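Structure, as structure tokens:
Number of protein chains: 4
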Amino acid sequence: MALLDITIIPLDGRDSGFSPFVAGLQELLAQSACSYRLHDMGTTVEGSASELFRLAALLHEHAFGPGVQRVYTVMKIDDRRDRTVHLGDKTASVQARSAGA
Amino acid sequence: MALLDITIIPLDGRDSGFSPFVAGLQELLAQSACSYRLHDMGTTVEGSASELFRLAALLHEHAFGPGVQRVYTVMKIDDRRDRTVHLGDKTASVQARSAGA
Amino acid sequence: MALLDITIIPLDGRDSGFSPFVAGLQELLAQSACSYRLHDMGTTVEGSASELFRLAALLHEHAFGPGVQRVYTVMKIDDRRDRTVHLGDKTASVQARSAGA
Amino acid sequence: MALLDITIIPLDGRDSGFSPFVAGLQELLAQSACSYRLHDMGTTVEGSASELFRLAALLHEHAFGPGVQRVYTVMKIDDRRDRTVHLGDKTASVQARSAGA
Chain R
18 MALLDITIIP LDGRDSGFSP FVAGLQELLA QSACSYRLHD MGTTVEGSAS ELFRLAALLH
78 EHAFGPGVQR VYTVMKIDDR RDRTVHLGDK TASVQARSAG A
Chain C
18 MALLDITIIP LDGRDSGFSP FVAGLQELLA QSACSYRLHD MGTTVEGSAS ELFRLAALLH
78 EHAFGPGVQR VYTVMKIDDR RDRTVHLGDK TASVQARSAG A
Chain D
18 MALLDITIIP LDGRDSGFSP FVAGLQELLA QSACSYRLHD MGTTVEGSAS ELFRLAALLH
78 EHAFGPGVQR VYTVMKIDDR RDRTVHLGDK TASVQARSAG A
Chain P
18 MALLDITIIP LDGRDSGFSP FVAGLQELLA QSACSYRLHD MGTTVEGSAS ELFRLAALLH
78 EHAFGPGVQR VYTVMKIDDR RDRTVHLGDK TASVQARSAG A
């Protein structure tokens, strides 16, 4: 099992933020068979490497919506064949801190 | 304000996973003035660009512990000067799904 | 047309460098229909997005050779649909400088 | 010695390409003490980790020119303390292939 971290940036001059765009990607992810988790700088997806590359291609393609002629996608894949890795495993002992805490 | 996403990989042949190593980095982050959040594929930190580059250098350096002669660090910085961005803003409407749900 | 930048890191404890491994990947690239260029920190490949994701999956899979149980792959894709982009276009006016110059 | 690979993307809605912007960064690099090499998807710089993080911060800051309120920077650093690594070492046996060859 592998984890994919993907960030998709539509370079179309929008200056109103990416939120509506990200919502569309989340729908595609929800329709996939993979577990996923949105974080502050991207989305992490759990699956086999072949599933993850196919899904990444789909998400990237989806970003070419109306008026979008250029898309920049950044990905990292951490793929272990020696043991099963799931979303949340690495952060089981997470120590987050909010600005005011 | 900017958000930094950083993943630090010690290339020292350890095959027992990165967890103890990540715990050490979390301590350094806790000592910094920046808010941060560990996720499945890295850590996201909130601060000014200059703070974030300094902190990244510190974390990277720290990874050269006993027996570690090579470190590979991957970073993304999303820096907006037109408005304030905080950790959690992008994921306020997060839709995560667990494998069995 | 799109450009893919890919770096594949086998996390198997080898400390003798990645050169033989990279040579293997170059052979796979040479067999593909895509133009490519090796640089100091990865390989850049030119093709359609769908070709590039398929090729990336192939290269990633190939990295699981004898004794390699974990592979970490980092990718960037710059995909323009408004005009054709080729390898070398961006660096036509390259200004490189060697250490001693 | 370490190698830094850096890609700086001004998210300001420009649709005329990044070339003039990249030229400005190249000037900054030429003024630094570091060797560097522009490639199709970024620039690779050679130096100590501390030099490279300082230079990355400088380049990132420089990208906030007139009208640019958001900058997205992607970096990879491969840092070896067991031996000296220079630009060009990894590609000494480069096998590039052009589209028509």
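Residue numbers (the numbering used here), protein chains in the order written: chain R, 18 to 118; chain C, 18 to 118; chain D, 18 to 118; chain P, 18 to 118.
Every residue gets a Cβ at the ideal spot worked out from N, C-alpha and C, and that includes glycine.
Fair warning: this is a prediction, and the values are worked out from it, not measured in the lab.
Legend entry - chain P contact for V62/R (CB, 7 angstroms cutoff): For the purposes of this step, residue 62/R is taken as residue 45 along the first sequence, with counting starting at 1. Output row for V62/R: interface = no.
Inset, instruction - Could you name each continuous alpha helix (DSSP H) segment of 4 residues or more that falls completely within the segment 41 to 94 of chain C, going from the start of the chain to the end? - result: You should have 66 to 79.
Inset, instruction - Using beta-carbon positions only, say whether L28/P and H79/P come within less than 7 angstroms of one another. - result: The residue labelled residue 28/P in the question sits at position 11 within the fourth sequence. The residue labelled residue 79/P in the question sits at position 62 within the fourth sequence. No, the pair does not count as a contact, with Cβ atoms beyond the cut-off.
Legend entry - H103/P in three-state terms, based on DSSP: Mapped onto the fourth sequence, residue 103/P falls at position 86. Residue state for H103/P is assigned as coil, using DSSP reduced to three classes.
Legend entry - Counterpart residues of R98/P in DSSP-defined beta bridges: Locating residue 98/P in the fourth sequence gives position 81, where the first residue counts as 1. Answer is none; R98/P lacks a bridge partner.
Legend entry - Any C-beta of chain D under 7 angstroms from that of V102/C: Locating residue 102/C in the second sequence gives position 85, where the first residue counts as 1. Taking Cβ atoms only, chain D never reaches closer than 7 angstroms to V102/C, which makes this a no.
Legend entry - T24/P: first and last residue of the uninterrupted beta strand (DSSP E) it sits in: Here the question's residue 24/P lines up with position 7 in the fourth sequence. Taken as a continuous stretch (DSSP letters only), the beta strand (DSSP E) holding T24/P covers A19 to P27.
Inset, instruction - Report the option in I25/D, K93/D, R54/D and D57/D whose CA atom is closest to the CA atom of A66/D. - result: To locate residue 66/D, count along the third sequence from 1; it is residue 49. Distances from the CA of A66/D to each of I25/D, K93/D, R54/D and D57/D were compared; the closest alpha carbon is that of K93/D.
Inset, instruction - Name, please, each residue of chain R whose Cβ falls closer than 7 angstroms to the Cβ of E78/D. - result: Position 61 of the third sequence holds residue 78/D. Here the neighbours are A66.
Inset, instruction - With a threshold of 6 angstroms, establish whether the CB of A40/P neighbours any heavy atom of the ligand FAD. - result: The ligand content of the structure shown is nil, which means the ligand FAD is not present either.
Inset, instruction - With 7 angstroms as the threshold, decide whether the Cβ of V91/D is near any Cβ in chain C. - result: By 1-based counting over the third sequence, the position of residue 91/D is 74. Yes, its Cβ sits closer than 7 angstroms to a Cβ of chain C.
Legend entry - Cutoff 7 angstroms: M58/R Cβ touching any chain C Cβ: As a position in the first sequence, residue 58/R is number 41, starting the count at 1. Chain C contact via Cβ: present.
Legend entry - Proximal residues of chain P, C-beta to C-beta of I26/R below 8 angstroms: Numbered from 1 along the first sequence, position 9 holds the residue referred to as residue 26/R. Those within 8 angstroms of I26/R in chain P are I26, L28 and Y89.
Legend entry - Close beta carbons around D96/P, own chain, < 7 angstroms, minus the five adjacent residues each side: Counting from 1 along the fourth sequence, the entry for residue 96/P is found at position 79. For D96/P, where only same-chain residues beyond five positions count, the Cβ hits under 7 angstroms are A19 and A66.
Legend entry - Contacts of D95/D in chain P (Cβ-Cβ under 8 angstroms): Against the third sequence, residue 95/D aligns to sequence position 78. Result: M58.
Inset, instruction - Determine the contact status of G59/P and D22/P, defining contact as a CB-CB distance below 7 angstroms. - result: Taking the first residue of the fourth sequence as 1, we reach residue 59/P at position 42. Taking the first residue of the fourth sequence as 1, we reach residue 22/P at position 5. Yes, they are a contact pair.
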